[in-house]
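Reminder that position 41 of the sequence shown reads as 40 in the numbering used here, one-by-one numbering, no gaps. Note that CB positions come from ideal geometry on N, CA and C, so glycine has one too. Since we're looking at a predicted model, the values are computed, not measured. Reading through the structure tokens given below for one structure.
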Amino acid sequence: MTLTVLNLRFNYIDDDGVEHLANALRTNKTLTTLNLSKNQITATGSRYLADALQKNTTLTVLDLERNQIGMMGTKHLANMLQTNSTLMILNLWDNRIKDKGAEYLASTLTILDIGSNNIGDNGAEHLAHALQTNKTLIKLNLQNNSIVIDLIQRINELIKKNILSNKEI
């Protein structure tokens, strides 16, 4: 029996703990889902995870909800997503990523949760621009941000196009 899902939600894991976990992720060949929500992970821990996921080819779901990833942590993850083709779901709900963090996240994800991150119209514009070339994103949660309805509708239309084009494949 092999471990495929690891739920470490609400365990007070900080960047030091994530560093040890990231070292194991580099060589792990079975884990597909990792839940690190509601811990104490900052941009530093995000960098450890991003570095590990450059080498990991099995993790498809990473839940980092309610940590303190911030804009720089989001940048580390976004850079990793440029080369990691296996991570499909990334939950960054309530991580203070703001507009710049949203800008960094143009990637190969299919589901992205960036609700409650103080994203405004500028960040939403970057997402809309990214969605013109990213055809894989089919679900995006922008709940509890500060984005005007026109931009939300534009992003929604782009996601609908992605869903339709993915059905044709």
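- Ala77 and Ile12 have their C-alpha atoms roughly 22 Å apart.
- Counting only residues of its own chain and dropping the five nearest sequence neighbours on each side, Leu163 has no CB closer than 7 Å to any other CB.
- By the neighbour-count criterion, in which a residue is buried when 16 or more other Cβ atoms sit within 10 angstroms of its Cβ, Leu61 is buried.
- Closest option to Ser115, judged by alpha-carbon separation, among Val17, Ile96, Asn10: Ile96.
- The C-alpha of Thr56 is placed about 11 Å away from the C-alpha of Thr82.
- Our two residues, Asp98 and Asn117, have alpha carbons roughly 7 Å apart in a direct line.
- Nearest in C-alpha terms to Ile137, of all of Ile154, His125, Ala123, is Ile154.
- DSSP, reduced to helix, strand and coil, places Leu7 outside both helices and strands of the structure shown, so it counts as coil.
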